[in-house]
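Just below is one structure, and these are the notes that go with it.
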Amino acid sequence: MTRIATPHHPPSTPPTTPSTRRHHLLALAALASAACALPSAPAHAQAWPAKPVTIVVPFAAGGTTDVLARALGEKLSTALGQPVIVENRGGAGATIGADYVAKAPADGYTLLMGAVHHTIATSVYKKLNYDFQKSFAPITTVALVPNVLAVSATTPAKDVKELVALIKATPNKFSYGSNGAGTAQHLIGTQFATSIGQPLLHVPYKGSGPLTTDLLGGQVSMSFDTVTPVLPHIKAGKLRALAVTTAKRSSTLPDVPTLQESGFAGFDIGTWFGVLAPARTPADVVARLNTEMVKVIQSPDFQKRMQDIGAEPIGNTPAQMAEQIAADTARFAKLVADNKITTD
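Residue numbers (my numbering): 1435 to 1778.
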């Protein structure tokens, strides 16, 4: 039997030419490019923070804003795994620092230690380059600190009633210092002067540090600053606390009456401090900052630190902080108008 062999034909392969090789390379390059363009988790969510974070304090060093920023930054640095730098940019009632942060890249690396002052400045400064409610993304309120009417220990007045009598007996001789025009201290001082029917010279400073120095030295008659910078001097007997400006007494100074108790009905102004980022900062970065900051604020050692400086730790949500800003902006707009406060 004769077997008939059939020829074996290998699979047909088209000849490779320079043009086909070029076509294959272009196709591979297109695939690689498409792969790189595929959606993935946001880069900022994966990498943030990849460098130090800066908290801008819109006042000179030494005041409550500065103390809070440094206390928060120290703990936050550990939580984020990156240095947290505190940078002081004081002046113009805290608006210079706020303006700087409003114009910073919205990437979570430049933050503002804001305060109630910014809700007042909105009505006092007519030509601000930012809108406090629109130019920032609230993160959390760090603390609430009562303001205190303090005078030098050499002042004869031992209480508010005696101080008012002294002011009326020597008109145009008394002054008060503040952290700048448009701050809570400015508003409180103006409202106090209006209530007693006597003019008080307003002396603005860039922060609590230089203000406290001049109060101790007698360059200004009184201040309505927050408890924090004056507390050590009150305890040392160099300054005298006559009243707190909030509706309730301060747990730090329980023996000091409120202005309401001293005959000033409805007087209730305290100072809150909180952290904000530039508007349009990625939501996940704001959420991460809120989570880490609230953890710090709720920690026992931070709470103890706040107690020591006369502050009440808060640690709320961005939405709650935004509500507070809106409410205070409306409230203080009326007080500014009623007391005819200007930066002139």
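Glycine residues also receive a C-beta, built at the ideal position from the N, C-alpha and C atoms.
Integer-rounded CB distance, given that residue j should sit under 8 Å from residue i
i, j, result
"Thr1776", "Val1558", "7 Å"
"Asn1581", "Ile1703", "6 Å"
"Gly1744", "Ile1731", "Not quite, the Cβ-Cβ distance comes to about 16 Å (not below 8 Å), so this is no contact."
"Asp1638", "Gly1614", "The amino acid at residue 1638 is misidentified as Asp; the sequence shows Pro. Contact flag correct, Cβ pair sits at about 5 Å."
"Val1585", "Ser1655", "7 Å"
"Pro1752", "Ile1573", "6 Å"
CB contact flag (residue i, residue j, <9 Å)
i, j, result
"Leu1693", "Leu1583", "yes"
"Ser1657", "Leu1634", "no"
"Asn1724", "Thr1624", "no"
"Asp1565", "Leu1676", "no"
"Ile1489", "Leu1506", "yes"
"Ile1554", "Val1709", "no"
"His1673", "Ala1756", "Before going further, note that residue 1673 is Leu rather than His in the sequence given. Their beta carbons are not under 9 Å apart, which means Leu1673 does not touch Ala1756 by this criterion."
"Met1727", "Val1576", "yes"
"Leu1687", "Leu1665", "yes"
Residue environment, residue i, which counts as buried when at least 16 other CB atoms sit within 10 Å
i, result
"Asp1689", "exposed"
"Gly1531", "buried"
"Pro1473", "Model confidence at Pro1473 stands at a pLDDT of 43, short of 50, so the residue's coordinates are unreliable; what they give is reported in the following sentence. Pro1473 comes out exposed."
"Ala1571", "buried"
"Leu1462", "Caution applies to Leu1462, whose pLDDT of 41 falls short of 50 and renders its modelled position unreliable; the value that the coordinates give is listed next. Exposed."
"Asp1500", "buried"
"Thr1715", "buried"
"Phe1766", "buried"
"Asp1742", "exposed"
"Ala1760", "exposed"
"Gly1515", "exposed"
"Asp1735", "exposed"
"Thr1604", "exposed"
"Ala1503", "buried"
"Lys1768", "exposed"
"Pro1712", "buried"
"Lys1568", "exposed"
"Pro1781", "What the structure shows of the chain is the stretch from 1435 to 1778, and residue 1781 is not part of that stretch, so it cannot be assessed."
"Gly1524", "buried"
Unbroken beta strand (DSSP E) run spanning residue i, endpoints
i, result
"Tyr1534", "Here Tyr1534 belongs to no beta strand (DSSP E); instead the alpha helix (DSSP H) covers Thr1529 to Ala1536."
"Thr1499", "Taken as a continuous stretch (DSSP letters only), Thr1499 belongs to no beta strand (DSSP E), being part of the alpha helix (DSSP H) at Thr1498 to Leu1514."
"Ala1745", "It is not in any beta strand (DSSP E) - Ala1745 carries neither H nor E in the DSSP assignment."
"Phe1707", "Gly1704 to Pro1712"
Inter-residue Cα distance where the pair is residue i and residue j
i, j, result
"Gly1697", "Phe1707", "28 Å"
"Ser1629", "Lys1595", "13 Å"
"His1636", "Leu1578", "24 Å"
"Lys1669", "Phe1701", "25 Å"
"Phe1493", "Tyr1543", "19 Å"
"Arg1455", "Pro1483", "Summary for Arg1455: the model assigns pLDDT 39, below 50, so the residue's position carries little reliability; its value from the coordinates is reported in the next sentence. Their backbone Cα atoms lie some 44 Å apart in a straight line."
"Pro1539", "Val1720", "14 Å"
"Gly1496", "Val1550", "18 Å"
"His1552", "Gly1616", "8 Å"
"Gly1651", "Ile1601", "19 Å"
"Gln1619", "Asp1659", "6 Å"
"Val1661", "Ala1681", "15 Å"
"Glu1695", "Arg1739", "29 Å"
"Pro1663", "Ser1642", "7 Å"
"Asp1541", "Ala1528", "22 Å"
N-terminal and C-terminal residue of the alpha helix (DSSP H) that residue i is part of
i, result
"Ser1696", "Run containing Ser1696: none; DSSP gives neither H nor E here."
"Gly1736", "Going by the sequence as given, residue 1736 is Phe instead of Gly. Segment Pro1734 to Asp1742, the alpha helix (DSSP H) holding Phe1736."
"Ala1566", "The sequence as given places Phe at residue 1566; Ala does not occur at that position. First-last for Phe1566: undefined, no H or E at that position."
"Gly1643", "Ser1642 to Gly1651"
"Leu1583", "Segment Val1582 to Ser1586 is the beta strand (DSSP E) holding Leu1583; no alpha helix (DSSP H) there."
"Val1664", "Val1661 to Lys1669"
"Thr1556", "His1551 to Val1558"
Chain D within 9 Å of residue i, Cβ atoms only
i, result
"Phe1707", "As a matter of chain content, chain D is missing from the structure shown, which is built from one protein chain."
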